[in-house]
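Please read the structure below before turning to the comments.
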Amino acid sequence: MRKLKNVLLLCLTLAMVTGLATQATPADPIKIAFVDPLSGPFAATGENGLNQFKYAAEAINKSGGMLGRQLEIVGFDNKVSPQESLIQLKKVIGDGIPFVFQGNSSGVAHAISDAVQKHNERNAGNRVLYLNYSAVDPALTNDKCHFWHFRFDAEADMKMAALTDVIAANKNIKKMYIIGQDYSFGKAVADGAVAMLGKKRPDVQIVGNELHPIGKVKDFSPYVQKIVASGADAVITGNWGADMVALAKAANDGGLKVPFYTYYAASDGVTAAIGAAGVDRIRLVHESHPGNPNAPKALSEYITGYRKLHPQNDVNQPRIHTALNMLALAVKKAGTVDVDKVAAALEGMEYTNLSGDQVIMRRQDHQLQMPIYISVHTNKNIQHDLDASGFGLSLESKVDRDKATQPTTCKMQRPS
Amino acid sequence: MEQIVLFSILNGLVFGMLLFMLSSGLTLIFGMMGVLNFAHASFYMLGAYFAYTLASRVGFWPALVLAPVLVGLLGALVERHGLRRVHRFGHVAELIFTFGVAIVIEELVQLVWGRPAKSYQVPAALDFPLFHLFGSAFPAYKAFMLLVSVAIFVFIFAILTRTRAGLIIQASLTHPGMVAMLGHNVPRVFMIVFGIGCALAAVAGVIAGPVLGTFPGMAQVLGSVVFVVVVVGGLGSLSGAFVASLLIGTLQTFAVALNVSVGNVLMAVGVPAAASAALHDVWKVTVAQVAPILPYLLLVLVLMIRPTGLFGTRET
Amino acid sequence: MTPAIELSGVFKAFGNTSIIRGVNLTIEPGTRQALIGPNGAGKSTLFNLITGKYPVSSGRIRLKGQDVTGLRPSEINRRGLSRSFQVTNIFPRMSVFENIRCGVLWSLGYRYSFRHRVDAAHDATERTEKVLEQLNLAARRHVPAGVLSYAEQRALEIGITIAGGADVILLDEPTAGMSHSETEHVVQLIREVTQGKTLLMVEHDMSVVFDLADRIAVLVYGEVIAHDTPERIRADPRVQEAYLGVPQGVA
Amino acid sequence: MKAADAPTAARRLAVADVGRAGVLRGYGVWLTAAVVLIVLPWVVRTGAAVPIMNQMGIAIVFALSFNMLLGQGGMLSFGHAVYFGLGGFLAAHALNLAGRGTLYLPVPLLPLVGGLGGLAFAALFGTFSTSRAGTVFSMVSLAVAELMAASSLIFDRFFGGEEGITTNRAKAPLLLGLEFTRDRQVYYLIAFWVLLAAIAMYAFSRTPIGRMANAVRDNPERAEFVGYSQRWVRYISFCAAGFFAGIAGGLFALNYEILTAENMGLNASGVVLLMTFIGGIGSFVGPILGAIVFTFLQSMLSDYTGIWLLYLGILFLATVLFVPIGMAGVLMLHAPAWRARRVGRLAGPYLVAGVCGLVAAVGVIGLLEMLHALVAADTPSGVRRLFWTAVSLRSVLPWLVFTGLAAAGALGLRWAGPRAAAAFADANRAGAGR
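Residue numbers (the numbering used here), protein chains in the order written: chain A, 781 to 1196; chain B, 293 to 608; chain C, 67 to 317; chain D, 10 to 443.
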């Protein structure tokens, strides 16, 4: 009995230590939370994102910071787990940080968005703003939209609209094969492709629409065989990470020469791993100029500066620069870090990004409107390569902002 | 259609033989020591990473020999200084220990080689399509994989049936405890067997790394399937492991190749179409989508019908 | 009177090797009987068949008139048969007290209950205490069974066997590996705890066998070649040839 | 470390069954626990303390339920999170139904829904997975976990795909006017359930079936010959463990208002094994201790290092190799000396060994962190702050220093370990006199 009491006392002490360790220290700089994976399989992606945030913040600090205060990016490791993200969010709130950036995984984004909305509704005096720089599930700015969420990446449907525009213009493509990971994003890509291709090019035959389990496929050769057998002229895939690399390699081994239209087949080791297997085969749809050829001067300098600091990593998300600068402008405009006022200032804001494009934060659903780029994986004429591999992306086509824009079902509720 | 069937058979064979290389080591270890080595796939991963590093220094071919030797030595060390310690606490403790080893190896690999996938490439000498058939290519490297795994299979078979050591191993597979009676130094035999088992896994890693990818999650992707193979085949049975490897290898490739939905299958076996509303989620799923979970279904099924596995004789 | 155990035409083969070859044996209730035979005769196998550890290849086994062929060991135990093992077979990480109590619980009707508290089950505690007294292990009640001395573990083994109050008891070499004085003590214990019950034991120590048994069955190469009173067994030429002819002290 | 290095059979067995009658007898312990739980949020008032305590509470119930299998039943499951997750999903759906008014379910009863869900699925999957013990049981649990992980992507409507199922506890009907919108209110609800579940699980271990679970763990064959079917005993324990895992899942749904497939994934199952084992599987308090310490480390270490999982893995491996009785086991080992008031004698030798261990740990951590900083290439300056000093990765000196510290600490441990062990033996000998 006494033993158990001692154990309980020990727990009590431990808990007190816990409390002390998490004690927030009052700080002068404006803190901005970065909640993304900093350990585990996706740590490389998270670390690189964090470094890009720090790099962008440094530039803002050099030109005076926000409201005369310096920015400080604080990393929180969410291990790409929804549960862990919520714990980290509690820490963020406990530390009194008003702004939260997150991007990796739509599942996590939904969890955070939902939690932020509930928290803000329940705690009017202590709100936080969720700034989504990378999670592209359309639902976040449609059915699940709310006042305290802003998205700075192009959502999946915008990218698909651009992609199908390009495909529609290519008369050589008669048969299309769609393959993706069996989860919400993979399905969204497949559904979007079928719907939009059906509208823009009804003559294109969908010869395959395949979902495979995410992260479980050991060998993609059987899938490649099916693609070959279907006689497809092109492939659309939302695959990322190891699934993307393995698919590209299997396609190369199986002698499949058709173009692959992808969302995430670049950087964070993927470009290097695909290497020669992807040349002139892999195409990527993204929200910024790829840096080759003839990158806009601002972007080129930005990339060069970053590569000096981090020789192995890439500026794979120039939207981070956009997001942080737009936040800084909104704070300046609101004259305060009060979340509701900053959010109001962000609505409808216009901004010229590193690619020289005029982007606008749509008031209706908080989705940033921007042009979309499509590039090809190659090692020819590459000024800014990726993964220091000699391979990089080269611009093929650009779809204008008003062509890429998508309607929204969002009915925004604003706090009165 | 012929193209799909032919290539499915080939790919199934390649994958099945790869599974056998892993499961044979696992079976040897289990058969002799009663230990199910949870970290077995981790040694497979180490094989791939060692080979990746060695290949860039001394070339692929020396790496093919060196990496398994190194991993085998490492395995022997793990047995000598880890497994032997927990042996007296029983098989569950040993399983827990190897589970811990798997975690630590995965983390150490990330620490040493970093988290992103490594671009461990097929050696240039084998980087060409062996033949084209029906508009599709069969890479030479896959033929090489098949060759290596068949060679290993023949090698194991020869050792087991033609040498004294093999006879002892065979005897101890069916009658554990017998080695001790024959007056052998049991701890040393265990250490050697464990090392060899790990080396076999490493060979699989060396040759599979360029095709299946060399990344920190590669052990987890293959690990569970290998356990399924040895349990389905029957714990401790080498022939069982062989049959189960090929069965699961071809099962998975063929399931992917088939454009059939679960609903079609259910209707074919007589489930009325009216059930489709109630089972909507399952109904629309294709067999290809569930391909990777088929081994686990097979495991559950086999254990319900024949608890010792297909070829197993031992209760554990 | 219904026999306690009745074997008719029991065969058992492992692969191609027949171990038990047509055993017919009837054990009358309330008697103490011994099963003897040279090493490898199949005594332990026969025990394992009777108690349901192995399935028979053919033949029938009846316990107190009920057919128990093919039942699981637990089901046979519930019908009033309990056994001990040649190699000590106890619950090593549980205390001596708990070991005995495990033997008691089912027979008192606690079965798989999760509504009772074992510590409040006074009947189980009383019965356990009584058995501990009989075994002379009361002072060791809190010691984990795995650290008992060999003789104590053998006593505990018998204790678990008789704790449930089964009226048919099978003991497999209860005195194996014991010193002379320990053996004497165990014989005394067996006599005491099997009072009024049916006992069938495998035993190598002939003095124990002739001391305890009312009747003796002789098993040679999987067949019962004789089953009779000790005096007649001693005089039986077939037994002398097959069994007593071999050097003494095989135990 | 050396004390447990070569545990004699006697010592190991002596602590193996510390859950025996008497240790937790009486209500005093539970009352103390209740008081501690009530006072805790008023003592620790900072930052994320309450959310972390909520997490610990959920982990405690989960780890205790896991130990019903591993510690008490000898069944090593690699898929226990399946029942946690399924219970949680059912609870989340139930809460959504309650929010829509389809179902009358006050929030405080939610964990019960989770428990019943866990129980139902354990009863289903248990039919084939408990037919055998040991290695095969483990492998089947792994297969079930893989099956469920894959199914979670197929059965979209139930599992909600990648986003999972979100819910809102503020929309369900109130019971006695209790609202659960603030963390602290949720804390008390969780604390109540943790206490209730812990009492119930302790009581279960003292029932006939609970005791027979131990017997089957020790010797399944013998259990058969005293009338118990080993399969049934395992099956019932398995169902009970599933029930309490489901309660933990229900608490999770209540606290986080979201469930995703990862909650029932292989990693979640692995984590509960880690925390339970580190805490100690031989006693009832072991999993509690493990859940608290592990949760604390898990959420705190990641603030300081990217390789926290490596440290936890090493901690786990060290526990398996050197202290298989876990933290609780080590504490229990010192109970006789404590009772005999001779713990004081241990302070000196333990302090010396502790300092040596600390030096070794600093050395090893330093080396690992420098390696990590180099490989991860996130330190362009080549300078990393370690142990409150700036360390240059490209110079040889810090590598030498850390290697030296590690070696010195290890050598020191070789010297101090046996002395600490001797002191321990001495204190126990004296204690044995009573």
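For each residue, glycine too, the CB sits at the ideal point set by N, CA and C.
Residues of the same chain with a CB within less than 7 angstroms of the CB of A:Pro809, apart from the 5 flanking positions on each side, are Arg849, Gln850, Leu851 and Glu852 in chain order.
Sequence-distant Cβ neighbours of C:Arg298 in its own chain, meaning closer than 6 angstroms and more than five residues away, do not exist here. Among the bridge pairs identified by DSSP, A:Ile1016 is matched with A:Ile958 and A:Tyr1041. Residues are counted here when their Cβ sits less than 8 angstroms from a Cβ of chain D; for the segment 987-1016 of chain A these are Pro993, Ile994 and Lys996, given in chain order. Contact between C:Val89 and C:Glu289 holds: CB atoms are separated by about 7 angstroms, below the 8 angstroms threshold.
Contacts with chain D at 8 angstroms (Cβ-Cβ) include C:Thr117. Against chain C, the beta carbon of D:Trp241 has neighbours under 9 angstroms at Ser140 and Tyr178, listed in chain order. Under the three-state reduction of DSSP output, C:Lys196 falls in the helix class. Counting every other CB atom within 10 Å of its CB across the protein chains shown gives B:Thr455 a total below 16, marking it as exposed.
About 6 angstroms separates the beta carbons of A:Lys998 and B:Leu504, which is inside the 8 angstroms limit, making them a contact pair. Looking at the backbone, the Cα of C:Arg183 and that of D:Met210 are separated by about 12 angstroms. Short of 6 angstroms from the beta carbon of B:Thr319, and not among the five residues preceding or following it, lie these beta carbons of its own chain, in chain order: Val522, Leu530 and Ala533. In the three-state DSSP reduction, B:Lys410 falls in the strand class (E or B). At the C-beta level, D:Ala337 and D:Leu104 stay beyond 8 angstroms of one another.
Residue ranges of uninterrupted alpha helix (DSSP H) with 4 or more members, entirely inside the segment 233-307 of chain C and ordered along the chain, are 246-259, 272-278 and 296-301.
Taken in chain order, no unbroken stretch of alpha helix (DSSP H) lies wholly in the segment 142-169 of chain C with a span of 4 residues or more. Taking the beta carbon of A:Asp816 as reference, no residue of chain B falls within 8 angstroms; the closest one sits roughly 14 angstroms away. For D:Gly80 and D:Gln239, the gap between their C-alpha atoms comes out near 16 angstroms.
With a threshold of 8 angstroms between beta carbons, A:Gly874 makes contact with chain D.
Taking C-beta atoms as the reference points, D:Val332 and D:Val339 count as a pair closer than 8 angstroms. Interface with chain A (8 angstroms Cβ-Cβ cutoff): B:Pro587 is excluded.
With a threshold of 8 angstroms between beta carbons, B:Glu371 makes no contact with chain D. By the criterion of a C-beta distance shorter than 6 angstroms, D:Phe146 is surrounded in its chain by Met84, once the five residues flanking it on both sides are discounted.
Using beta-carbon distances, D:Tyr197 does not count as an interface residue toward chain A, since no partner is under 8 angstroms.
Within the segment 225-270 of chain D, complete beta strand (DSSP E) segments of at least 3 residues are not found at all. Close to B:Asn303, with beta-carbon spacing below 9 angstroms, are these residues of chain A in chain order: Asp999, Ser1001, Pro1002 and Gln1005.
With respect to the 8 angstroms criterion, B:Met313 and B:Ala496 are classified as neighbours on the basis of their beta carbons.
By the Cβ-count criterion, A:Lys939 is buried, with 16 or more other Cβ atoms from all chains shown falling within 10 Å of its own Cβ. Interface criterion not met: the Cβ of C:Ser74 is under 8 angstroms from no Cβ in chain D.
An exposed status is given to B:Ile597, since fewer than 16 other beta-carbon atoms sit within 10 Å of its beta-carbon. B:Gly601 counts as buried, since no fewer than 16 other beta carbons sit within 10 angstroms of its beta carbon.
The Cβ atoms of D:Gly335 and D:Ile290 lie closer than 8 angstroms to each other. Annotation note: the segment 347-414 of chain D contains the following uninterrupted alpha helix (DSSP H) runs of length 4 or greater, listed N- to C-terminal: 353-385. Not a single C-beta of chain C is nearer than 8 angstroms to the C-beta of D:Arg348.
Think of a sphere of 8 angstroms around the beta carbon of B:Leu504: the chain A residues whose beta carbon falls inside it are Lys998, Asp999 and Ala1026, in chain order. Note on geometry: alpha-carbon atoms of D:Glu188 and A:Glu901 lie some 15 angstroms from one another.
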